[in-house]
Each structure stands twice: as C-alpha cells, then as structure tokens.
Amino acid sequence: MGADKIHPGLLHLMERRRDKKMTRREFVRFAALLGVSAAGPATLWPGGLRKARADEGKIRRGGILKVASSLSPIRHPAVIDWIEPSNLLRQTGEYLTYTDHHNVTHPYLLESWKASADLKTWTLRLKKGVRFNNGDELTADDAAFSFAQWLDPDVGSSMIGLIGGYLSPSGVEKTGKYQLKLHLDRPEVGVPEHLFHYPAIVLNHRTFEGDFMKAPHGTGPYTIEEYREGELCRLKRRKDYREKGADGKPLPYLDGMDFVDMGGKVEEYVSALQSRKVHIADPGSTHSLQIYEGVKSDFRIFIESIPSANTHVLRMRVDRPPWDDNRVRTALKLCQHREKMLALAYHGEGVLGGDFHVCPIHPEYCEKPLPKFNPEKARALLKEAGYTNGLDVRLTLGDNMERYGKILKSDSKKAGFRMELDLMPPGEYNRRWKEPALGITGWKGRPLGGMALSLGYTADKSGNPVPWNETRWSDPEFDRLLKEANGTLDMERRGKIFCKLEDIQMKRGSIGLAWWDNSWLIMTGDVRGASPHPSGYMTFNEAWLSK
1 MGADKIHPGL LHLMERRRDK KMTRREFVRF AALLGVSAAG PATLWPGGLR
51 KARADEGKIR RGGILKVASS LSPIRHPAVI DWIEPSNLLR QTGEYLTYTD
101 HHNVTHPYLL ESWKASADLK TWTLRLKKGV RFNNGDELTA DDAAFSFAQW
151 LDPDVGSSMI GLIGGYLSPS GVEKTGKYQL KLHLDRPEVG VPEHLFHYPA
201 IVLNHRTFEG DFMKAPHGTG PYTIEEYREG ELCRLKRRKD YREKGADGKP
251 LPYLDGMDFV DMGGKVEEYV SALQSRKVHI ADPGSTHSLQ IYEGVKSDFR
301 IFIESIPSAN THVLRMRVDR PPWDDNRVRT ALKLCQHREK MLALAYHGEG
351 VLGGDFHVCP IHPEYCEKPL PKFNPEKARA LLKEAGYTNG LDVRLTLGDN
401 MERYGKILKS DSKKAGFRME LDLMPPGEYN RRWKEPALGI TGWKGRPLGG
451 MALSLGYTAD KSGNPVPWNE TRWSDPEFDR LLKEANGTLD MERRGKIFCK
501 LEDIQMKRGS IGLAWWDNSW LIMTGDVRGA SPHPSGYMTF NEAWLSK
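According to the UniProt record's numbering, the sequence shown is numbered sequentially starting from 1.
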C-alpha cells in the first residue's frame with residue numbers, strides 16, 4: 001500500500017501502537033474498521049470464520065446437526081429483537097461484514113470497504129459472483145434495498161437506533177453494479193461493525209415482500225426446507241455455496257441442521273442434550289443459565305466459555321413514576337450487592353459491572369471504582385425523594401433471573417423498598433420487554449462500547465427514544481458526547497469522552513448493571529468446528545459431526 005493511500009487515521013493508530021499506547025488487539029480491531037486486512041488469506045478465509053482445530057481429526061462430511069431452540073414467529077429479519085431467531089436465519093441469510101470471536105471485523109458479503117479521511121464517506125464493494133439460493137446474483141441493488149428497509153421508520157428496525165443517527169436513506173448511493181457509497185451526516189468509525197448487527201441480514205430485493213419465510217432467499221450455506229412455528233425448522237445444505245472447506249469441496253460439511261423447539265422448558269433442553277436427541281443448545285437461548293446449571297456436572301456435555309459483553313440490566317422506565325426521579329433510581333442501584341449477585345445468581349461466570357453499558361472487553365472502557373452496596377445511603381435518598389415510609393415496587397423478570405430478583409428483593413428491603421417479583425417465562429418477558437416500569441432485560445454484547453449505548457440510550461433526530469430504548473431515557477449531553485466519540489479515531493480523546501459518558505450513565509442513567517456474563521457454547525462431544533461467539537451467534541459454516 002503506497003503512502004498516498006494510507007488513511008490518516010491508520011497513521012495515528014500506528015503511532016499509538018509504536019508508542020505502546022494501545023495493544024496489538026486494539027490496533028488490529030481499529031485498523032480493520034478502516035478497511036485494512038486483519039490477517040492474510042493463509043489464516044482467514046473471507047468472513048474470518050473459525051477453522052477446525054488441528055486436534056479435531058479428519059473432517060467428516062454429512063449428518064444433521066440438531067439444535068435445541070425456541071421457534072417464534074419470524075417475518076421481517078430487520079425487526080428481530082432476540083438472538084435465537086437470528087441464529088436460525090444466519091444459516092440462510094448473511095451480512096455485509098462479520099465480527100469474529102476476537103471482536104475483529106472482516107468483509108463477508110463485502111469484498112472491501114474504504115473510509116474517507118473525515119470518516120463521513122464510506123465506499124462498500126461487494127464480492128462478485130455471490131448468489132442467493134434461488135439463483136439471483138447479489139448486487140448493489142440488494143444492498144441498497146436492505147439499507148432502505150433498515151432505515152424505514154414504518155419497518156421499525158433497531159438499525160435506526162444504530163445507524164439512523166448518522167445515515168439517512170438519501171445518503172445511500174449506488175455507484176456501480178457491485179458498489180455503494182454511504183454519505184454520512186457526521187463522522188462514524190463503527191460502520192463496518194454496525195453492519196453485523198443481527199437484524200442486518202441482506203435481503204433479495206426481487207423477492208422480499210415483508211415476510212422472509214414466504215421467500216427465504218438468502219446467500220448463506222443452507223436453505224429453509226420446512227418451518228413449523230413452535231415445532232421444527234429443517235435446513236438443507238446448498239451444493240453451490242461459494243466458500244470451500246479444508247477438503248477443497250464446497251461448504252458446509254453438514255447435510256443439514258434441525259432447529260427443534262423445546263417448548264420453553266429447561267428440563268427438555270437438558271434431557272435432549274443428555275440423551276443425544278440434540279447436539280447443541282442455541283447459545284442465544286434465554287434459558288442458557290438454567291441449561292448450564294443442568295448439565296455442568298455431566299462429563300458427556302462440553303461447555304466452552306469466553307468473556308463477553310453480554311449482560312442483564314436492571315432497567316427503569318423514566319417516563320413512569322417513581323423512576324422519573326433520579327434519586328429513586330440511584331437508591332435502587334445502591335441496593336445491588338454486585339459480588340453476591342454474580343456469585344449466587346450466575347455462578348461467578350463473569351466480571352463485575354458498574355451501572356454503565358460499556359464492558360471491560362471494549363476498547364473504549366474507562367475503568368472506574370464500582371459503586372458499593374450501600375442501603376443506608378439508598379434509604380436516605382428515598383426519604384429525600386419523599387418516600388419516608390419506603391416504597392412499593394414491582395419487578396418484572398423472566399424466571400431464568402429469579403435468583404437475581406430474590407437477592408435484589410432481600411437487599412433492597414434494607415433501604416425501604418418493598419419489592420414484589422412478577423415472574424414469567426423468559427419468552428413471555430421477551431415479547432413484553434419494553435413494557436414494564438421496572439424489569440431485568442438481557443442484552444447481548446456488541447464489539448464496540450458505543451453500539452449498545454446508541455441502541456439503548458439515545459433519541460432519534462426528532463427527539464424520540466430509538467426503537468430499543470426500553471427505559472425512554474435520553475440526555476442531550478450524553479447524545480452529543482456519544483456522537484463525538486463515535487466520530488473519532490483519536491484513541492486518547494475517544495477514551496476521555498467515554499469516561500464522561502460512563503459518568504453520566506452512572507450518575508443519572510436509567511439502569512443498574514451488576515455484572516457481565518461469560519458466553520457459553522453447550523454441546524455434545526461429537527460436535528467439531530464450533531466455538532462460542534461473544535455475542536452468542538451461531539456461524540456454523542464449518543461445523544461437523546465426528547460420528
């Protein structure tokens with residue numbers, strides 16, 4: 001690459017790396033965002049997907065991988081709110097980019113991308129010769145159509161909260177059969193990572209009319225042969241998939257995959273794994289904790305664990321009393337005994353959090369002293385807010401988080417909270433997750449700290465909460481600083497801004513965040529070529545069965 005072609009942001013990153021002001025991993029991650037290859041073709045195939053380990057033996061083709069899951073209604077991929085349906089669809093549909101197990105982002109359906117010096121113009125080049133499973137070729141028309149769907153307020157995609165703050169529909173320009181230009185309203189460094197947000201499956205503009213299941217035409221390695229909601233989804237391998245396996249033949253190695261609905265019963269997941277009726281539990285399942293508890297002592301079941309930015313937030317709707325009073329919100333946050341919660345509610349499988357939605361694995365993370373459990377101060381804040389005799393509250397949560405709720409109920413009583421637990425199956429909570437005044441919501445991790453903040457705690461251009469802002473909290477200073485941080489590659493400046501963002505969310509925000517979860521992959525011993533993803537995603541193009 002000639003010096004005249006080097007992005008000025010890359011020169012800044014190289015200086016910081018040379019001066020030992022950033023780690024090699026941080027350098028690779030941010031250089032990749034500018035379109036610099038993170039690894040040569042000898043170590044990564046396009047998309048950065050994991051290769052089979054050397055100790056996994058000779059690859060065996062064939063077989064049906066059976067996945068214990070939950071099969072809810074699926075219509076428009078862009079409005080998916082939870083990981084499980086996306087894990088099914090990502091076997092058939094694909095994304096413009098792929099963020100790997102190390103949180104480094106690579107081209108996937110894209111061949112490359114290039115950012116302008118001011119990070120306001122992004123050129124996206126598609127791979128040529130990619131075909132949907134109905135034979136149609138992937139072109140810039142499909143990518144432009146997909147952007148239009150993501151940015152359409154009538155569709156209601158969470159992509160609006162992620163990219164709508166810097167990209168308007170009119171900012172998407174087709175500049176060739178295989179090329180788009182994105183003209184942003186402001187600088188943004190995270191564009192490639194945003195394109196791997198799980199509702200961002202690329203759609204076939206010729207056949208998609210609002211219901212993917214009526215025309216399930218994706219570019220992925222499998223086709224959907226049968227979908228029975230609440231029962232079974234049967235996938236079949238494509239014989240003409242573009243990527244090759246280690247044996248030189250087209251991927252995938254499997255003949256197919258069956259996603260089997262477990263009826264929302266944890267004991268069914270556990271029994272199915274132990275009896276080998278299924279090979280793997282969907283890592284996006286809301287039952288992951290309970291499945292883990294059911295099989296962790298069974299030597300026949302393998303559990304791989306990695307750190308992640310997955311979490312469960314104690315969220316308070318600021319448009320409903322008493323949570324419109326920051327003193328009340330702060331009082332409840334002070335009732336979180338973080339060490340106890342992580343140890344007893346999540347078996348110590350994670351790291352402590354501090355009431356801001358940026359994780360230690362994020363490059364922007366600003367380390368701060370974690371708030372201490374302080375019911376005495378919490379009681380004083382309640383009295384100051386006018387609740388001299390304490391306060392009755394109702395906490396809505398999935399029964400997978402019952403232990404969390406019971407700990408909070410007991411500890412908050414010392415401050416004057418009289419808490420009622422409203423327990424329900426996780427699937428029911430997921431259908432109602434934006435409704436409760438006080439609840440506990442699971443959030444899957446994102447590779448950059450700014451992504452969850454943009455998705456969950458900002459307002460749109462009209463001042464209304466973005467689609468995934470479940471607490472309805474927004475703060476003009478917070479929004480301004482977040483836009484500034486997301487538009488800079490100056491790591492030192494970016495870090496200082498995130499310190500301010502974390503301060504704001506800790507002091508006047510709408511969530512408590514006691515810990516960060518480890519991400520698990522729970523499977524039988526005959527599964528090969530699969531490993532956990534920090535976001536709970538299943539990209540099993542190279543998975544295979546040893547018997």
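Even for Gly, the Cβ is constructed at its ideal location relative to N, Cα and C.
Query, Result
"Where do the ends of the beta strand (DSSP E) carrying ILE301 lie?", "301-316"
"If you reduce the DSSP assignment to three classes, tell me which class PRO169 lands in.", "helix"
"Applying the 10 Å Cβ sphere with the 16-neighbour rule, what's the burial state of PRO85?", "buried"
"For ALA78, which residues of its own chain have a beta-carbon under 7 angstroms away from its beta-carbon, when the five flanking residues on both sides are left out?", "GLN149, TRP150, VAL155, SER157, MET159, PRO199"
"If you run the structure through DSSP and keep just helix, strand and coil, what is VAL67?", "strand"
"Compare the Cα-Cα distances from GLY525 to each of LEU162, ASP298, TYR222 and report the closest residue.", "ASP298"
"Around the C-beta of GLU94, are 16 or more other C-beta atoms found within 10 angstroms, so that it is buried, or is it exposed?", "buried"
"Keeping to the same chain, check which residues put their C-beta closer than 6 angstroms to that of ARG131; ignore five residues upstream and five downstream.", "GLU137"
"Helix or strand or just coil, what does DSSP make of LEU334?", "coil"
"Can you check whether the C-beta of ARG329 is within less than 8 angstroms of a C-beta belonging to chain D?", "Note that chain D does not occur in the displayed structure, where there is just one protein chain."
"Can you look up GLY47 in the DSSP assignment and give me helix, strand or coil?", "Because GLY47 sits at a pLDDT of 32, beneath the cut-off of 50, its placement in the model cannot be relied upon, and the following sentence gives the value as read from the coordinates. If DSSP states are grouped into helix, strand and coil, GLY47 belongs with coil."
"Following the continuous alpha helix (DSSP H) through TRP150, name the residue where it begins and the one where it ends.", "140-150"
"With DSSP collapsed to three states, give me the class of GLY40.", "For GLY40, the predicted model reports a pLDDT of 35, less than 50, meaning its position is unreliable; a value from the coordinates is still stated below. Coil."
"Give the secondary structure of ASN204 by DSSP, where H, G and I count as helix, E and B as strand, and everything else as coil.", "coil"
"Would you kindly report the start and end of the unbroken beta strand (DSSP E) that includes VAL358?", "No beta strand (DSSP E) contains VAL358, which DSSP labels as neither H nor E."
"In whole angstroms, what is the alpha-carbon distance linking GLY210 and TYR292?", "36 angstroms"
"Using three-state DSSP, classify GLN179 as helix, strand or coil.", "strand"
"Give the straight-line distance between the Cα atoms of LYS414 and GLU435, rounded to the nearest whole angstrom.", "27 angstroms"
"Are the beta-carbon atoms belonging to LYS236 and GLY218 less than 8 angstroms from one another?", "no"
"Could you check whether TYR178 and ARG242 sit closer than 8 angstroms to each other, using their CB atoms as the reference points?", "no"
"Which whole-angstrom value is the C-beta distance of GLN274 and GLY512, which I expect to be below 8 angstroms?", "So it is not a contact: roughly 36 angstroms between Cβ atoms."
"Does the contact criterion of 3 or more C-beta pairs under 8 angstroms hold for the stretch 276-289 versus the stretch 413-433?", "yes"
"So who's on the other strand from THR123, going by DSSP bridges?", "LYS114, LYS181"
"Does the ligand FAD have a heavy atom nearer than 7 angstroms to the CB of SER72?", "Of the ligands one can find in the structure shown there are none, so the ligand FAD has no counterpart to examine."
"Looking only at its chain, what residues have a beta carbon closer than 7 angstroms to the beta carbon of PRO465, apart from the 5 residues adjacent to it on each side?", "ALA459, ARG472, SER474"
"What's the C-alpha gap between PHE498 and VAL260?", "42 angstroms"
"Anyone know if the C-beta pair for LEU421 and GLY398 falls short of 8 angstroms?", "no"
"Looking at the strands, I want to know which residues DSSP matches up with HIS106.", "TYR98"
"For ASN518, which three-state DSSP category applies?", "strand"
"Among the candidates THR105, ILE407, PRO187, whose CA atom is the shortest distance from the CA of VAL482?", "Just to set this straight, residue 482 is Leu in the shown sequence, not Val. It is PRO187 whose Cα lies nearest to the Cα of LEU482."
"Which residue marks the beginning of the beta strand (DSSP E) containing LYS236, and which one marks its end?", "232-237"
"In terms of residue numbering, what span does the beta strand (DSSP E) encompassing LEU88 cover?", "Not the beta strand (DSSP E): LEU88 falls in the alpha helix (DSSP H), residues 83-89."
"What three-state label does DSSP hand ALA543 in the structure shown?", "coil"
"If I follow the unbroken beta strand (DSSP E) through VAL260, where does it start and stop?", "256-261"
"GLU402 lies in the alpha helix (DSSP H); which residues open and close that run?", "402-413"
"Kindly confirm or deny that the stretch 503-512 and the stretch 326-333 touch, where touching means at least three C-beta pairs closer than 8 angstroms.", "yes"
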